[in-house]
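Student:
2 protein chains.
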Amino acid sequence: MIKRTLVKALALSLGVMAGTVAADDLMDRAQGTFEPIPKYPPVIDGNELTQAKVELGKMLFFEPRLSSSHLISCNTCHNVGMGGDDYLPVSIGHGWQKGPRNSPTVFNAVFNAAQFWDGRAADLAEQAKGPVQAGVEMSSTPERVVATLKSMPDYVERFEDAFPGQGDPVSFNNMAVAIEAFEATLITPDSDFDKYLRGNADALNEREKEGLALFMDRGCTACHSGVNLGGQEYYPFGLVTRPGGEILPEGDKGRFAVTATASDEYVFRASPLRNIELTAPYFHSGAVWSLEEAVAVMGTAQLGTELKDNEVDSIVAFLKSLTGTVPEIRYPILPPSTGSTPRPTDMIQ
Amino acid sequence: MIKRTLVKALALSLGVMAGTVAADDLMDRAQGTFEPIPKYPPVIDGNELTQAKVELGKMLFFEPRLSSSHLISCNTCHNVGMGGDDYLPVSIGHGWQKGPRNSPTVFNAVFNAAQFWDGRAADLAEQAKGPVQAGVEMSSTPERVVATLKSMPDYVERFEDAFPGQGDPVSFNNMAVAIEAFEATLITPDSDFDKYLRGNADALNEREKEGLALFMDRGCTACHSGVNLGGQEYYPFGLVTRPGGEILPEGDKGRFAVTATASDEYVFRASPLRNIELTAPYFHSGAVWSLEEAVAVMGTAQLGTELKDNEVDSIVAFLKSLTGTVPEIRYPILPPSTGSTPRPTDMIQ
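So the sequence lines, in the order shown, correspond to chains A and B.
Last residue of the first sequence: 349 (the UniProt record's numbering), numbering continuous.
Last residue of the second sequence: 349 (the UniProt record's numbering), numbering continuous.
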C-alpha cells in the first residue's frame, strides 16, 4: 500500500508512468460521474428514521396480512435474502397471477429519483401503496389494511410509538411511511467500486478498470451514473435499435402510461445497476438471464455498438464490482391475528 | 417473592393451608405429566448439529428455488415470524392450489414423535422431503433440487463443509438432513409454564393454575402431555362425538391413508399445544379461529363434556402460558442463480 502510494507520487511528480497516470485519470473521471453508497441511511425529508418506525416498517415489510390472501408480503417479491428481488422474470402475485414487469430490487432504492420502471411513484412511501392494492400483487385495500393492523394490539402500540402525537396513527399512509423508513436502511455500502471511488486504486483489478473505462467511454454513463448508476432519469429502450418483442414487449409502452405523451412510448427509468449480478433476470421484461447478454443488448439497442466479447466481459467484470454488503436483518416477530382480524380471502376479485 | 416463599414454607410445615398445599400438589402432578422445553436444541441421532450444517439448513429453509416456481420456500408456510406456520386454514401452494390440511408449526417440531397430522414421516428430515415434491406445495423433484443446488458454487461449498468426507455431498437427502438440523434449533424455551415446571410456583397466576388443573383433571392429558403437550400419539378425532363436516371433513380420514386400517379412520396425531395462541386457525382442517371454540370442541368431541365458559377461559389462560421465546433468526443471504440454474416453471403439472 505504502509502496504503491510512493510509486504513484513519483509518477505524478515525474509524469513519466503513463499507465498509472491514466489510472488516476480514470479515478478522477469516475469520481466526477458516480458517487459511493453512503455508509449510513440517508435523511428523508419529512420521514425521520426513528428506531420505532424502522422496526415497525420491517414488520410491515414482512407482513403477509397486508395482502388479502395473507400469503404475500413485500419480501415475497423484494426478498432481502435474494438481492432485494425475486429472481423471477415477472413476479407471481395474488391468485398466481403474473405482474407485467420484473420486480426491481429494494436495495438502495432510496437513492432512486422515482420508483417503478416508469417512475410513477415519487418516493418509496408512495411506491409501497401500489403493490398492496394491485389486483395482481397483494390485492388488498387501504380499509382492509387498516382494519387488519388495528385488530392487533401490538401493531396499534407500535404505530403510536412510531408516530407520536398523532390522533389516529394506524393509517394506510403511515403504513407506507414506516415501510419507507425501513427500506431506507436497505443500502449496500462497501462494494469494491465504492472503495475505488473513495480513493483506493487497488480496489478494482485491471479487468474491472478496463470495464469501467469502457463503461464511461462508450456512453453507458449517459443513462447510468450517480450513486445508483441509474434510477434518475427516463430514456427510450431502443434508442438506436429497438430489441425484439421478447425483450421489449409491444404491449408495455412504459412511461407513456404515466404521461400519455407520444415521446414517452417505450420510455423507462434507466435501471439502477447496484448489485446487478444479484438481480437476474434483466430488463423490465425479465427476459434476459445473462448479464453478458444484457450488456450486449444495451450496446446495440442504446449505443448502436456491437460490443466485442472481451469488451462485454470487461464491462461485466466492472458491473460485478458494484456488489456491496447486503444488510443483516433479523426476522421480525409478527403479532398473532385476533378475533377481529379480517380473515384471509384468496379469491381473485 | 420472599413473602410468598415464607408463606409456602409455613404451609408445608404446618399443613394447614389447603390452597397452597394443593398448589404444590398441582406442580408435582404437572411435573409428572409434562416436561419443560430444554434451553438448547436436542441431540438428534445421526445428525450432529454443526454450525455449517445448521446455517446451510437455514438457507435451504428460506430457499424458494427448492420449489419449481422459485416462489415458495419452507418459510412460506412455516413462517418463523408467525408462530412457525402461516395463519391460514390450509396453505396456498404451487399454482395457488390449496393443501388439504392446516400447516403445523415448525417450532418445537423436533420434539414430536412423528411429523405431519397423520405421522407419515418419522422425523423432520423425512418430513422435509414431502412438501418439496408435493404437487400442491412446492412441486419440485429431487433431480431438479440437486441440479439447482449444484448450479450455485456457494451451495456446493457449503454442502462440502456441512457433510465433510462425502463423495457427493449435494444430494436431496442431505438437503433434508440440513433442514432438519436447522429446524432442531427452532425451539421456544422459557414459557411461563416452563418456569412453573422448573419449580417457580409464581410463574403461573391463579387463573392459569385453575386451567392447568382442569386440563389434567378433565383428561386432556390423555392425549396432550410430554414436552410438547401432544405430538406423540394418534387418536381418533371425535372419540365421543364426531364434529360436523366443517371441522372434520369427511374426505380426510387421517391416519387411515397411512395404515389402511379401519380403526385408523379419522385418527390424527394429537396436536402439540406449545405456542398454541400463535397458531390459529385450529385443527387439521384449520376451521376454527378461536382458541376458546377449539377448547370447547375438544371437550364435546373427545371428552364428552360440555365445558362451562369459565372453565374454557381458564384452560385457554393456561394454554397461553405455553407461549415461549421464539428464536431470533438472521435472514440468510442466498447465492444468485447462475447460467445453469434450472429456470422457474410456474405451470401446474
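Heads up, the beta-carbon is just placed ideally off N, CA and C, and yes, glycines get one too.
Remember, predicted model here, so these are calculated numbers, not experimental data.
DSSP three-state call for residue 189 of chain B: helix, strand or coil?
Tutor: Correct three-state label for residue 189 of chain B: coil.
Student: What residues from the segment 268-285 of chain B come within 7 Å of chain A, judged by C-beta to C-beta, listed N to C?
Tutor: Cβ contacts with chain A come from 277, 278, 280.
Student: Kindly indicate if chain A contains any beta-carbon less than 7 Å away from that of residue 37 of chain B.
Tutor: No, its Cβ sits nowhere closer than 7 Å to a Cβ of chain A.
Student: According to DSSP, is residue 90 of chain A part of a helix, a strand, or is it coil?
Tutor: Coil.
Student: Note down, in chain order, all residues in the segment 78-92 of chain B with a beta-carbon under 9 Å from any beta-carbon belonging to chain A.
Tutor: For the segment 78-92 of chain B, which is checked against every Cβ of chain A, the residues closer than 9 Å are 79, 80, 81, 82, 83, 86, 87, 88, 89, 91, 92.
Student: Check the Cβ-Cβ distances between residue 227 of chain B and every residue of chain A, and say whether any is below 7 Å.
Tutor: Residue 227 of chain B does not count as touching chain A.
Student: Could you tell me the alpha carbon to alpha carbon distance between residue 223 of chain B and residue 31 of chain B, rounded to whole angstroms?
Tutor: If you take the alpha carbons of residue 223 of chain B and residue 31 of chain B, they lie about 16 Å apart.
Student: What span of residues does the beta strand (DSSP E) with residue 268 of chain B cover, start to end?
Tutor: Counting along the chain, the beta strand (DSSP E) containing residue 268 of chain B begins and ends at 267-269.
Student: Under 7 Å between C-beta atoms, does residue 72 of chain B make it to chain A?
Tutor: It does not: the Cβ of residue 72 of chain B has no partner Cβ on chain A nearer than 7 Å.
Student: Would you report the Cα separation of residue 89 of chain B and residue 255 of chain A, rounded to the nearest angstrom?
Tutor: Approximately 41 Å, taken between the alpha carbons.
Student: Checking 7 Å against the spacing of the C-beta atoms, do residue 61 of chain B and residue 75 of chain B come in under that value?
Tutor: Taking 7 Å as the Cβ cut-off, residue 61 of chain B and residue 75 of chain B qualify as a contacting pair.
Student: Taking the beta strand (DSSP E) that residue 155 of chain B falls in, what are its first and last residues?
Tutor: It is not in any beta strand (DSSP E) - residue 155 of chain B instead sits in the alpha helix (DSSP H) that spans 153-162.
Student: So, using beta-carbon positions, are residue 236 of chain A and residue 267 of chain A closer together than 7 Å?
Tutor: Yes.
Student: What in chain A is Cβ-close to residue 328 of chain B, meaning under 9 Å?
Tutor: Residues of chain A passing the Cβ test: 330, 331, 333.
Student: Roughly how many angstroms lie between the CA atoms of residue 376 of chain B and residue 336 of chain B, to the nearest whole one?
Tutor: With chain B running from 1 to 349 in the structure shown, residue 376 of chain B is simply not present.
Student: Assuming residue 176 of chain B and residue 342 of chain B are in contact, meaning their beta carbons sit under 8 Å apart, how far apart are those beta carbons, in whole angstroms?
Tutor: About 19 Å separates the two Cβ atoms, so there is no contact after all.
Student: Decide yes or no for the touch test of the segment 308-319 of chain A against the segment 207-221 of chain A: beta carbon pairs closer than 8 Å, at least 3 of them.
Tutor: Taking 8 Å as the limit for Cβ pairs, the verdict is that the segment 207-221 of chain A does touch the segment 308-319 of chain A.
Student: Of the residues that make up the segment 151-184 of chain B, which ones have a beta carbon closer than 8 Å to any beta carbon in chain A?
Tutor: Result list empty, no residue passes.
Student: Return the chain-ordered ranges of every alpha helix (DSSP H) run that is complete within the UniProt domain "Cytochrome c" (206-323) of chain B and spans a minimum of 4 residues.
Tutor: Taking only runs of at least 4 residues, the alpha helix (DSSP H) segments lying wholly in the UniProt domain "Cytochrome c" (206-323) of chain B are 206-217, 256-259, 291-298, 309-320.
Student: Since residue 95 of chain B meets chain A, which of its residues come closer than 9 Å, beta carbon to beta carbon?
Tutor: The contacting residues are 96.
Student: Where does residue 122 of chain A sit, in a helix, a strand or coil, going by DSSP?
Tutor: Residue 122 of chain A falls in the coil class under three-state DSSP.
Student: Assuming residue 83 of chain B contacts residue 275 of chain B (C-beta within less than 8 Å), just tell me the rounded distance between them.
Tutor: Between residue 275 of chain B and residue 83 of chain B the Cβ distance is about 6 Å, and since that is below 8 Å, they are a contact.
Student: So, does the CB of residue 314 of chain A fall closer than 7 Å to a CB anywhere in chain B?
Tutor: No, no contact with chain B.
Student: Taking the continuous alpha helix (DSSP H) assigned at residue 174 of chain A, which residues delimit it?
Tutor: From DSSP, the alpha helix (DSSP H) with residue 174 of chain A extends over 172-184.
Student: By the criterion of Cβ-Cβ separation under 8 Å, what are the contact partners of residue 339 of chain A in chain B?
Tutor: Within chain B, the residues near residue 339 of chain A are 289, 290.
Student: Shortest alpha-carbon distance to residue 56 of chain A belongs to which of A/331, A/346, A/344?
Tutor: Nearest of A/331, A/346, A/344 to residue 56 of chain A, Cα basis: A/331.
Student: Using a Cβ-Cβ cut-off of less than 8 Å, list which residues of the segment 188-202 of chain B approach chain A; keep chain order.
Tutor: Cβ contacts with chain A: none found.
Student: Counting C-beta neighbours from all protein chains within 10 Å, is the total for residue 85 of chain A 16 or more, i.e. buried, or is it exposed?
Tutor: With 16 or more Cβ atoms within 10 Å of its Cβ, residue 85 of chain A is classed as buried.
Student: Whose Cβ in chain B lies nearer than 7 Å to the Cβ of residue 69 of chain A?
Tutor: Simply 92.
Student: Is there a Cβ from chain B that is less than 7 Å from the Cβ of residue 344 of chain A?
Tutor: Chain B contact via Cβ: present.
Student: Within this structure, are the beta carbons of residue 327 of chain B and residue 194 of chain B separated by less than 7 Å?
Tutor: Not in contact: residue 327 of chain B and residue 194 of chain B (Cβ atoms no closer than 7 Å).
Student: How about the segment 170-187 of chain B and the segment 121-139 of chain B: do they share at least three Cβ pairs that are nearer than 8 Å?
Tutor: They touch, by the three-pair rule.
Student: Can you pull out the residues from the segment 45-67 of chain A whose beta carbon lies closer than 9 Å to at least one beta carbon of chain B?
Tutor: Answer set for the segment 45-67 of chain A: 59, 62, 63, 64, 65.
Student: Quick one: measure Cβ to Cβ for residue 245 of chain A and residue 111 of chain A, integer angstroms, because I've assumed they're closer than 8 Å.
Tutor: So it is not a contact: roughly 32 Å between Cβ atoms.
Student: Going by CA-CA distance only, name the one from A/132, A/137, A/91, A/78 that's closest to residue 109 of chain A.
Tutor: Considering only alpha carbons, the answer is A/78.
Student: Taking CB distances under 7 Å as the criterion, tell me whether residue 336 of chain A reaches chain B.
Tutor: Output row for residue 336 of chain A: interface = yes.
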